[in-house]
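Report on one structure; see the data block that follows.
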């Protein structure tokens, strides 16, 4: 289930071995990236990767994008929309990165995000991903719903979004003081949403052209939002780029349940508690979830339908996607990124730019030390990482399962340990509740996981074929099994599951090519900021969850759009904004 983060968004395969066959020209200084020392993956089931031995089509493009995560596809789609010749190279045999779907025995599984909102919104305040789809002329049919089940130490209840329903839960499971403090929080936060949403992410670019496409274009609406908020609200808006905990503290919110609940929302959104998330992100989420008429959305036919829409839109404008095309090296000539070399040995030239949708650490592995400034190398290697995941994918019979089962379930075992403690929070998604075609007739499909809290150090160095690994896998997955049994009730039986897949940080690392299986950078608001999209290597750009604005589906969509905008003229960018009405 992914609000923002749950969902590692950019995933490529980056374990390489360097082929010595590519030799520098006598007239060009050419440097090939060093290889990483990762173990070559073994794939099973529908996840098997079939690598192309030869790359079909012409071996050059204006822009080459490494990886087909959400960010990479948004970037490539917009570049194609701008008229650029763009090629996406994906090592997997399925597009989508951590958002890809896979099928086993007729069960179609989401591998990552499943909790969405804002797909149907349009205009300046729309979800960045919705704006990209709009630019590509693609729609995404969704099922609307407004609640999820919550299992807390205080009890279990159906939590509904909207301006009034949560108050009933607070009255029953918290206290009258919690009701008062929640109202106080809404009164302070919701007015700030106008300022937080006044600058559409699609208007941003990585050069001084942003003064035209963003600052000048939206200054009136931003000024208007400040006027409407009044002096007190305008003062609060200055905190949008500070940790959300500062807003909570300024309101003197003391109720333990309220603080725990907001920590949980923050963690689901960005993988950090309120002391580590930008207030702007939380304000945006409150506006999406706690205003009149709001709803949650799940794509019909699963998260794979979202990926399909992005691929369709890109191809509509002439963009290309090559699956099973493993990028082994980024080629640097005369200190500029000029293309990539595939594991097959083929060189694909990028006439204008190379865009990496890999993590900052995995991108670094593709670059030679001699062209990377020490400051950039040290900053990347010193950036703290979020932990990894445990995953549980199940396919089972509906018989005995209650008919009113909801799609999403959140289990918190112990508030005192913190929502970011390992084995403490389990997220469960049963998308076949809303899209029955994801499972065979009479069946359900389920994905449970611990969201970025599984320590990679417990698994590091283990042989996946060893008894030690299998024993640890069984032990560390037990918390998910218990959460599933609690959510599904007595009618569920482990033994009757037709499909059982347990994933570990090593699985996450192997299939998603995430350094140490990480969720992403652990960059806390107020203590650091996500890097921009350019790199010290001219013509090499990055997008995805290692770049601004950060982790989460809306954030990575925005990052891909920013890179695409930065690679075209201000006039082209402005024309696109006009075309989609923002």
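In the working numbering, the protein residues as written are 337 to 918. Backbone N, C-alpha and C define an ideal beta-carbon position, used for all residues, glycine too. No experiment lies behind these values; they were computed from the predicted model shown.
TODO: Evaluate the contact criterion for the stretch 740-749 versus the stretch 768-782: three or more CB pairs, one atom per stretch, below 8 Å.
DONE: yes
- [ ] Would you grab the beta carbon distance between residue 418 and residue 900 for me? Rounded to a whole angstrom, and I think it's under 8 Å.
- [x] 7 Å
TODO: Label residue 453 either buried or exposed according to how many other C-beta atoms from any shown protein chain fall within 10 Å of its C-beta, with 16 as the threshold for buried.
DONE: buried
TODO: Please determine, among 622, 615, 708, 881, the residue with the shortest C-alpha to C-alpha distance to residue 851.
DONE: 881
Task: Simplified DSSP assignment, three categories, for residue 664 - done: strand
Task: Per-residue DSSP class, three states only, for residue 513 - done: helix
TODO: Would you kindly work out how many angstroms separate the C-alpha atoms of residue 376 and residue 667, rounded to a whole number?
DONE: Model confidence at residue 376 stands at a pLDDT of 32, short of 50, so the residue's coordinates are unreliable; what they give is reported in the following sentence. Cα-Cα distance, rounded: 22 Å.
Open item on the list: By DSSP's criteria, residue 418 is part of a beta bridge. Which residues make up the other side?
Closed with: BP columns for residue 418 are empty, so no partner.
- [ ] Following the continuous beta strand (DSSP E) through residue 720, name the residue where it begins and the one where it ends.
- [x] It is not in any beta strand (DSSP E) - residue 720 carries neither H nor E in the DSSP assignment.
Open item on the list: Please return the same chain residues whose Cβ sits closer than 7 Å to the Cβ of residue 367, not counting the five positions on each side in sequence.
Closed with: No answer about residue 367 holds up, because its pLDDT of 37 lies below 50 and its placement is not dependable.
Open item on the list: Does the stretch 866-883 come into contact with the stretch 405-417, if we say contact requires no fewer than three beta-carbon pairs (one atom in each stretch) closer than 8 Å?
Closed with: yes
- [ ] Determine the DSSP secondary structure at residue 394, reduced to helix, strand or coil.
- [x] coil
Task: Within 8 Å, strictly: CB atoms of residue 412 and residue 848 - done: no
Task: Segment contact, 8 Å Cβ cut-off, at least three pairs: the stretch 725-732 with the stretch 432-447 - done: yes
Task: Own chain, CB closer than 6 Å to residue 477, minus 5 neighbours either side, in chain order - done: 636
Open item on the list: With H, G and I counted as helix, E and B as strand and the rest as coil, what does DSSP make of residue 714?
Closed with: helix
TODO: Could you tell me whether the Cβ atoms of residue 622 and residue 525 are closer together than 8 Å?
DONE: yes
TODO: Taking 8 Å as the cut-off, decide whether the C-beta atoms of residue 535 and residue 552 are in contact.
DONE: no
- [ ] Could you check which residue in 886, 792, 865 has the C-alpha nearest to that of residue 846?
- [x] 792
Open item on the list: Between which two residues does the alpha helix (DSSP H) holding residue 447 run?
Closed with: First-last for residue 447: undefined, no H or E at that position.
TODO: Hey, could you find the ends of the alpha helix (DSSP H) residue 595 is sitting in?
DONE: 592-606
Open item on the list: Does residue 753 pass the burial test, meaning 16 or more other C-beta atoms within 10 Å, or should it be called exposed?
Closed with: exposed
- [ ] Quick one: measure Cβ to Cβ for residue 768 and residue 774, integer angstroms, because I've assumed they're closer than 8 Å.
- [x] 5 Å
TODO: Can you give me the Cβ contacts of residue 625 inside the same chain, cut-off strictly under 6 Å, excluding the 5 residues immediately before and after it?
DONE: 497
TODO: With distances taken Cα to Cα, identify the nearest neighbour of residue 917 among 493, 400, 468.
DONE: 468
Task: From 465, 634, 645, 448, residue whose alpha carbon lies closest to that of residue 895 - done: 465
Task: Candidates 737, 507, 688, 396, of which the one nearest residue 828 by Cα - done: 737
TODO: Leaving out five residues on either side along the sequence, give the residues of the same chain with a beta carbon under 6 Å from the beta carbon of residue 908.
DONE: 418
Open item on the list: Using a Cβ-based criterion (distance less than 7 Å to any ligand heavy atom), does residue 599 qualify as near the ligand COA?
Closed with: Summarising the ligand content, the structure contains no ligands, and the ligand COA is consequently not present.
Task: Residue from 598, 425, 697 whose Cα sits closest to the Cα of residue 853 - done: 697
TODO: Name, in chain order, the residues that DSSP records as bridge partners for residue 839.
DONE: 727
- [ ] Report the three-state DSSP secondary structure of residue 627 (helix, strand or coil).
- [x] coil
Task: Nearest to residue 921 (by Cα), restricted to the options 511, 720, 818 - done: Residue 921 falls outside the range modelled here, since the chain spans only 337 to 918, and no answer is possible.
Task: Span separating the alpha-carbon of residue 826 from that of residue 457 - done: 39 Å
- [ ] Measuring alpha carbon to alpha carbon, tell me which of 627, 747, 892 ends up nearest residue 822.
- [x] 747
Open item on the list: For residue 693, count the other beta carbons within 10 Å of its own beta carbon; 16 or more makes it buried, fewer makes it exposed. Which is it?
Closed with: buried
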